[in-house]
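In terms of the working numbering, the sequence shown opens at residue 3 and continues consecutively.
Note that the Cβ used here is the ideal one computed from N, Cα and C, for glycine as well.
Here the structure is laid out as structure tokens; the discussion comes afterwards.
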Amino acid sequence: GNIVGHAKGVGDMSSLASWTVEQFDPELNWGDVEWIKKRWGGKLIIKGIMDAEDARLAANSGADALIVSNHGGRQLDGAPSSIAALPGIVQAVGKDIEVWMDGGIRSGQDVLKARALGAQGTLIGRAFLYGLGAYGELGVTRALEIIRKELDLTMAFCGRTDINTVDESILLPGTYPR
3 GNIVGHAKGV GDMSSLASWT VEQFDPELNW GDVEWIKKRW GGKLIIKGIM
53 DAEDARLAAN SGADALIVSN HGGRQLDGAP SSIAALPGIV QAVGKDIEVW
103 MDGGIRSGQD VLKARALGAQ GTLIGRAFLY GLGAYGELGV TRALEIIRKE
153 LDLTMAFCGR TDINTVDESI LLPGTYPR
């Protein structure tokens, strides 16, 4: 509900649902992304990339970063997981643009796996929401502390002290597709 009361005609959650459907444009294409980039003037980050070809097209259309995300499976619950799509996307765009991952990050180990597969960062939602639901703002802070401690501990178990030295060599061969 952040839009409720701010967008024209959106006064409650029911009208928000209708407004959201009206905003979806099935004709949106990569030329539109280029148009937005030219007029935006800032960094353009595209979330929801799950395919190597889309990643290349996004990079060629001016995106500054990509977020590999299946939106928590809400839009298409049969879609692959973000971590399964990540290696192919990283390989497709190389170092041309930043690649981040969203989805399935519940622990420091998950952060490390995503980093090992080429993500330059991760987004975390549910872990923080669990903390928020349990203890409010302090719960969110505690969730972040736990994830950071798990990340540090897992890195130590892998013989790493610097996140920038993490690569796929820390993963069990054959665990993730390359």
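- Annotated three-state conformation of Val23 is helix, per DSSP.
- Counting only the Cα atoms, Gly13 lies some 31 Å from Gly44.
- The residues Ile165, Val168, in chain order, have a CB closer than 7 Å to that of Arg117 in the same chain once the five nearest residues on each side in sequence are set aside.
- Fully enclosed beta strand (DSSP E) runs of no fewer than 3 residues occupy 67 to 70 of the stretch 56 to 89, in order along the chain.
- The Cβ atoms of Ala67 and Glu100 lie closer than 8 Å to each other.
- For the alpha helix (DSSP H) assignment, the uninterrupted runs of no fewer than 4 residues enclosed by the stretch 77 to 156 are, from N- to C-terminal side, 84 to 95, 110 to 118.
- The distance from the Cβ of Gln111 to that of Glu152 is about 6 Å, consistent with a contact at the 8 Å cut-off.
- Between Gly50 and Ser71, the C-beta spacing is below 8 Å.
- Taking C-alpha positions only, Leu131 is separated from Val142 by approximately 7 Å.
- Of the residues Leu59, Lys115, Gly64, the one whose Cα lies closest to the Cα of Ala86 is Lys115.
- Taken atom to atom, the span from the alpha-carbon of Ser16 to that of Gly127 is near 24 Å.
- Secondary structure note for Lys45: it is in no alpha helix (DSSP H), with a DSSP letter that is neither H nor E.
- The criterion of a C-beta distance shorter than 8 Å is not satisfied by Met103 and Ala81.
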